[in-house]
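Working notes, structure below.
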Amino acid sequence: MKLPIPEYIASIVPYPPGKPLDELERQYGISNAIKLASNENPWGPSPRATSAIAAVLADLHRYPDGSSYNLTQALAKHLACPPEMLVLGSGSNEVIEFLVKACVQPGDEAICSHPSFLMYQKFVQIRGGKNIVVPLAQMRHDFKSILDQVNDRTRLIFLDNPNNPTGSFFTKDALLQLCRALPPTLVLVLDEAYVDFVDPAQSFNSIELIQQQTDGPLVVSLRTFSKAYGLAGLRLGFGVMPTSLAAMLHRVRQPFNINTLAQVGALAALEDSAHYQRTINGTRAGMAFLREELHKLGCVCHPSQANFFLIDVGGDANRLYEAMLYKGVIVRSMYAYGYTNCIRITVGTEEENARFVTALGECLNELRYG
Ligand SMILES: Cc1ncc(COP(=O)(O)O)c(C=O)c1O
0 MKLPIPEYIA
10 SIVPYPPGKP
20 LDELERQYGI
30 SNAIKLASNE
40 NPWGPSPRAT
50 SAIAAVLADL
60 HRYPDGSSYN
70 LTQALAKHLA
80 CPPEMLVLGS
90 GSNEVIEFLV
100 KACVQPGDEA
110 ICSHPSFLMY
120 QKFVQIRGGK
130 NIVVPLAQMR
140 HDFKSILDQV
150 NDRTRLIFLD
160 NPNNPTGSFF
170 TKDALLQLCR
180 ALPPTLVLVL
190 DEAYVDFVDP
200 AQSFNSIELI
210 QQQTDGPLVV
220 SLRTFSKAYG
230 LAGLRLGFGV
240 MPTSLAAMLH
250 RVRQPFNINT
260 LAQVGALAAL
270 EDSAHYQRTI
280 NGTRAGMAFL
290 REELHKLGCV
300 CHPSQANFFL
310 IDVGGDANRL
320 YEAMLYKGVI
330 VRSMYAYGYT
340 NCIRITVGTE
350 EENARFVTAL
360 GECLNELRYG
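First residue of the sequence shown? That's 0 in numbering that gives the first Met the number 0, and the numbers climb one at a time after it.
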């Protein structure tokens, strides 16, 4: 029997998630392992979010509010934009999927950088679209080469800012310059999953910019509760975009795509500014500590505006990843991205950062890297 599946689906390589802690502990017979592999928040969710979730558990026999009214209103107020500009998703991942579903027909093109967040390409492939992949130049999005690839089949351009996995960031001026050179027929997706961590001296308000824009491409900002808000397991992200585009995305989403727990949990997290600020401060302090310690170990650490670092360890990244697993530390090898000597690590708590540095020092010695 032959499966009635087109080749563009059969050839999709599934997304490789970071190794779960339970799996490592089971496989290696260790306990107390730490995971610095998935750019999560090591301080956990806001206690106000967990209480709000606990308070609605008895209502789970009811469908959620299909419009996520309370959360949407609160987000609109927080971001100073009309609620009609918002589209919520099960993680910002789902909003990427909506954008591709709404904009891409088989044969249409979408441009992204390599390396960048892998899911852009997968969703485009699922629709039978064509991925145009532009290599980063000196670890940054290469706007000139991206522009060279734009043609009348281009529907979407994905730019993660900061970029995952390098942590590099582009400025508002660079973005405005790019917008001026792009036709009005495409959607420019600014994936700002890590925007909360950006140095305030450099960050800019993309949502204001989207509201002010009168010509050029349609610009979308993607945000998430998975990083700074510590709710990766809840699955809540959103896109901010011109209302005409938002109306189209609402047509392709399921009526109840945001579950009840995500609606109340994210709302409570949004209101807990103290927890959010602790995360931002802890991330900045942890990144400064790691930068200094990695430098002492002789590793090249790429400048990052996110909650993670891409690190050149001076030897085979897969071997180092394995060696670190034996020490109970999960990092991400960037081997599959073509960075054969690089790992990516997420900032942890103070204790986790110290444990990581010790384990890395031991592994570099054992493997004789450097
Ligand atoms: C650049 C980027 N965009 C989007 C996401 C997806 O986040 P979410 O959990 O909101 O789906 C990630 C997750 O790691 C990411 O790195």
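Each residue gets a CB set at the ideal place from its N, CA and C atoms; glycine is no exception.
Query raised in the report: Which residues in the same chain as VAL45 place their Cβ atom closer than 6 Å to its Cβ, once the five residues preceding and following it in sequence are excluded?
Result: Note that residue 45 is Ser in the sequence shown here, rather than Val. Excluding sequence neighbours, SER45 sits near ALA268, ASP271, HIS274.
Requested in this report: Would you tell me roughly how many angstroms separate the C-alpha atoms of LEU98 and GLU365, rounded to the nearest one?
Outcome: 47 Å
Query raised in the report: Thinking just about the alpha-carbon of each residue, which of GLY281, LEU146, ALA51 is nearest to the one in ARG154?
Result: It is LEU146.
Query raised in the report: Given that a residue counts as buried once 16 or more other Cβ atoms are within 10 Å of its Cβ, and exposed if not, what is THR357?
Result: exposed
Query raised in the report: How about PHE196 and ALA284: do their beta carbons lie closer than 7 Å?
Result: Not closer than 7 Å, so no.
Requested in this report: Go ahead and pull the three-state DSSP assignment for GLU134.
Outcome: It should be pointed out that residue 134 corresponds to Pro in this sequence rather than to Glu. It is a strand residue.
Query raised in the report: Within 6 Å: the Cβ of ASN163 and any heavy atom of ligand 1?
Result: yes
Query - Bridge partners - LYS34, DSSP secondary structure assignment - result: ILE329
**Report entry** ALA180 (DSSP reduced to helix, strand or coil)
**Finding:** helix
Requested in this report: For THR339, decide whether its Cβ has a neighbour in chain B, counting only Cβ atoms nearer than 7 Å.
Outcome: Of the protein chains in this structure there is only one, and it is not chain B.
Query raised in the report: Are the CB atoms of GLY347 and ASN40 nearer to each other than 7 Å?
Result: no
Report task. Counting only runs of 4+ residues fully inside the region 170-253, write out the alpha helix (DSSP H) ranges in chain order. Result -> 171-180, 205-211, 242-251
**Report entry** According to DSSP, residues forming a beta bridge with PHE97
**Finding:** None, per the DSSP bridge assignment.
**Report entry** Which residues DSSP lists as bridging PHE308, in chain order
**Finding:** ILE344
Query raised in the report: Residue range of the alpha helix (DSSP H) that GLY360 falls in?
Result: Note, GLY360: alpha helix (DSSP H), 349-366.
Query raised in the report: If you draw a straight line from the alpha carbon of LYS34 to that of ASP315, how long is it in whole angstroms?
Result: 20 Å
Query raised in the report: Does the count of Cβ pairs from the region 334-342 and the region 67-85 closer than 8 Å reach three?
Result: no
Query raised in the report: Starting from HIS113 and walking both ways along the alpha helix (DSSP H), at which residues does that stretch end?
Result: From DSSP, HIS113 is part of no alpha helix (DSSP H) but of the beta strand (DSSP E) over 108-113.
Query raised in the report: What separation, rounded to the nearest whole angstrom, lies between the Cα atoms of GLY28 and LYS326?
Result: 11 Å
Query raised in the report: Mind checking SER10: buried by the 16 CB within 10 Å criterion, or exposed?
Result: Label assigned to SER10: exposed.
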